[in-house]
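In what follows, a structure is listed as structure tokens, so that the remarks can point back to it.
Residue numbers (the working numbering): 195 to 411.
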């Protein structure tokens, strides 16, 4: 058991190294293809995504904490309830961010002096999936399923790299790169949700856990 756990942890570490390398090549290729002005626009979108991680990361870590507690006790019903409750929070915050970015796209374009407002719309559309993938990854992390957790990071990086670079190569420029980023969150959510399956489809969340969740979120 300890050997399996250690191997999975090493696999996750190696996976993150590959992800960092992929992100490096993503920036390198787009920087050369788009030029300084257009690359600055896509760098702004990536920076905004990093800001959003201040919301996504706490959700993932909170879910991981309680997933670890209840997975260790074999309390799958409670774990499923926490997943469902956190999913509601992810959808709510994601839709709020969608409205902020998509409806305010023209304002953000003027404020940041970008070439187009469409990247902000695409960024907004990806927000619900960005937060929901954090919920599913939290479940996997809490269950110590580091092997499949590593796969979700690979899905995100390769979708962003191949999709974004491919769409830019097809002539979509910054909009193509932004669409690649949005698709990476969608496919990562699908992959994480697929791997996190097996829990009861519906389960009530105990009152004590609801109070804890409200306090933490």
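Where a beta carbon is used, it is the ideal one built from N, C-alpha and C, also for glycine.
{"Asked": "Enclosing alpha helix (DSSP H) for residue 277 [first to last residue]", "Found": "270 to 292"}
{"Asked": "Where residue 309 falls: helix, strand or coil (DSSP)", "Found": "coil"}
{"Asked": "Which of helix, strand or coil DSSP assigns to residue 393", "Found": "coil"}
{"Asked": "Status (buried if at least 16 other CB within 10 Å, exposed otherwise) for residue 204", "Found": "exposed"}
{"Asked": "Nearest to residue 211 (by Cα), restricted to the options 384, 347, 370, 367", "Found": "347"}
{"Asked": "Given 8 Å, three or more beta-carbon pairs between the region 382 to 389 and the region 327 to 339", "Found": "yes"}
{"Asked": "Presumed contact (8 Å Cβ cut-off) between residue 275 and residue 322, rounded CB distance", "Found": "Not quite, the Cβ-Cβ distance comes to about 21 Å (not below 8 Å), so this is no contact."}
{"Asked": "Sequence-distant residues of its chain with Cβ nearer than 6 Å to residue 216 (five each side left out)", "Found": "351, 355"}
{"Asked": "Three-state secondary structure assigned by DSSP to residue 354", "Found": "helix"}
{"Asked": "Cβ-Cβ distance between residue 379 and residue 320 below 8 Å", "Found": "yes"}
{"Asked": "Same chain, Cβ closer than 6 Å to residue 408, five either side skipped, listed in chain order", "Found": "Bear in mind that the predicted position of residue 408 carries a pLDDT of just 44, short of 50, making it too unreliable to give a figure here."}
{"Asked": "Assigned exposure category for residue 339 - 16 Cβ within 10 Å defines buried", "Found": "buried"}
{"Asked": "Within-8 Å CB hit, residue 243 to chain C", "Found": "The chain inventory of the structure shown lacks chain C, comprising one protein chain alone."}
{"Asked": "Backbone CA spacing between residue 273 and residue 262 [nearest angstrom]", "Found": "9 Å"}
{"Asked": "Nearest-angstrom Cα separation, counted from residue 251 out to residue 245", "Found": "10 Å"}
{"Asked": "Residues near residue 370 in its chain [Cβ-Cβ closer than 7 Å; skip 5 each side]", "Found": "358, 361, 362, 364"}
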